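Q:
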Amino acid sequence: MPRRPLEIRLDQLAANRPIVTAHRGDPVAFPENTEAAFRAAASLGAEIIEFDIRETRDAAFVCIHDATFDRTTDSAAKFGRAAVRVDESSLADARTLDAGAGEPVPELRSAIASMHPAIPMIERKGGSARELVELLRSHDLVDDVFVQSFDWEWVAEVRKLAPELAIGLLGGDDDHPRLLAEDLETLTALDAAFVHWQVDRVDQELVDAVHARGAKVCVFTANTDDEFERLTALGVDAITTNHPARLIEFRSARAGEQPRSG
Numbered sequence: 010m011p012r013r014p015l016e017i018r019l020d021q022l023a024a025n026r027p028i029v030t031a032h033r034g035d036p037v038a039f040p041e042n043t044e045a046a047f048r049a050a051a052s053l054g055a056e057i058i059e060f061d062i063r064e065t066r067d068a069a070f071v072c073i074h075d076a077t078f079d080r081t082t083d084s085a086a087k088f089g090r091a092a093v094r095v096d097e098s099s100l101a102d103a104r105t106l107d108a109g110a111g112e113p114v115p116e117l118r119s120a121i122a123s124m125h126p127a128i129p130m131i132e133r134k135g136g137s138a139r140e141l142v143e144l145l146r147s148h149d150l151v152d153d154v155f156v157q158s159f160d161w162e163w164v165a166e167v168r169k170l171a172p173e174l175a176i177g178l179l180g181g182d183d184d185h186p187r188l189l190a191e192d193l194e195t196l197t198a199l200d201a202a203f204v205h206w207q208v209d210r211v212d213q214e215l216v217d218a219v220h221a222r223g224a225k226v227c228v229f230t231a232n233t234d235d236e237f238e239r240l241t242a243l244g245v246d247a248i249t250t251n252h253p254a255r256l257i258e259f260r261s262a263r264a265g266e267q268p269r270s271g
């Protein structure tokens, strides 16, 4: 298949590596996975904004990390009980909640719009591959977003449904600590644009192996200058961080430039 538009864009951005990927927006300054956090990260100059989605019981997608609303919203007070699951709630239920500082739980399409001009990087935490692909297609968003997951079987389903979509493989967690030879075969078979690996489990061997397959290396979640320096020296393409302003400043200082204001 010809190079996908976002894969070409990723090549262009990687010329000024490390690409700045804002983890759940700018979660230090604003509540995570909210449109305020997304807008803030985009205004800082983050090139990519990573965020989490889950599907509601009525087949909508909302931006939230956890399976329940408890940690990041006022759901217990609003609904009078704890452990209210996202997949057992409606979009209307989700939209009544305060996700922090008066911010609502975002619906996917509105969230994507709030990230401009940054590239949205969707991490699927829960929900149907088919429903997500249909939503992206129906709103002409397939060429505008990355989609990734720790569930590689789910990613494979997305690839079958949407050959034109730019996808990534998440790993480096305790369930999948090492990138194995068979994982590289999966990377190639799925024609994935990148792997997204946990910071403490990224080394030169991994970077070289992924690059040899023509894919990019993204790393999560790095927050200190020491981590930025180590990863940049390894040649990773993108760094996912809770501190996008800090990473932008680090990259600018390394290049002898002034960081973007605003």
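Read left to right, the sequence shown gives residues 10 to 271 (my numbering). Virtual Cβ for every residue (Gly too), placed ideally from N, Cα, C. For clarity, every value in this text was computed on a predicted model and none was experimentally measured.
Taking the beta strand (DSSP E) that R133 belongs to, which residues open and close that run?
A: It spans I128 to R133 - the beta strand (DSSP E) in which R133 sits, taken as one unbroken run.
Q: DSSP has Q157 in a bridge; who is on the other side?
A: DSSP lists E132 and G177 as partners of Q157.
Q: Go through its chain and collect everything with a Cβ distance to P186's Cβ below 6 Å, but skip five positions before and after it.
A: The residues are R210.
Q: When you compare each of D96, R118 and T82 to D107 by their alpha carbons, which one comes out closest?
A: Of D96, R118 and T82, the residue nearest in Cα terms is T82.
Q: Do the segment 85 to 93 and the segment 40 to 48 touch if we need at least three Cβ pairs shorter than 8 Å?
A: Contact fails: fewer than three Cβ-Cβ distances are below 8 Å.
Q: Can you find the residues in the same chain that come closer than 7 Å, C-beta to C-beta, to P36, ignoring five residues on each side of it along the sequence?
A: Excluding sequence neighbours, P36 sits near A46 and N251.
Q: From the DSSP output, in three-state form, read off H220 for me.
A: Reduced to three states, the DSSP call for H220 is helix.
Q: In three-state terms, what does DSSP make of L241?
A: Looking at the sequence shown, residue 241 is not Leu but Thr. In this structure, T241 counts as helix in the three-state DSSP scheme.
Q: Sort V142, D183 and L193 by Cα distance to R168 and report the nearest one.
A: That would be V142, whose Cα lies nearest to the Cα of R168.
Q: Kindly indicate the opening and closing residues of the beta strand (DSSP E) around I1.
A: The structure shown has nothing for residue 1, since the chain only spans 10 to 271.
Q: Is R33 helix, strand or coil by DSSP?
A: Residue state, collapsed to three classes: coil.
Q: For the structure I just gave you, are there three or more beta carbon pairs, one from the segment 63 to 75 and one from the segment 97 to 106, closer than 8 Å?
A: Contact between the segment 63 to 75 and the segment 97 to 106 is present, because at least three Cβ pairs lie under 8 Å.
Q: Can you list, in chain order, the residues of its chain whose CB lies under 6 Å from that of Q213, leaving out five sequence neighbours each side?
A: Taken in chain order, the residues that qualify are L243.
Q: Helix, strand or coil: which one does DSSP assign to T195?
A: Residue state, collapsed to three classes: helix.
Q: Take the Cβ of G109 as the centre, count every other Cβ of all protein chains shown within 10 Å, and call the residue buried at 16 or more, exposed below.
A: Label assigned to G109: buried.
Q: Taking DSSP as the reference, what is the three-state secondary structure of A247?
A: Three-state result, A247: strand.
Q: Would you report the Cα separation of R13 and E258, rounded to the nearest angstrom?
A: In a straight line, the C-alpha of R13 is about 30 Å away from that of E258.
Q: Could you tell me the boundaries of the beta strand (DSSP E) in which F39 lies?
A: Element bounds for F39: n/a, residue is neither H nor E.
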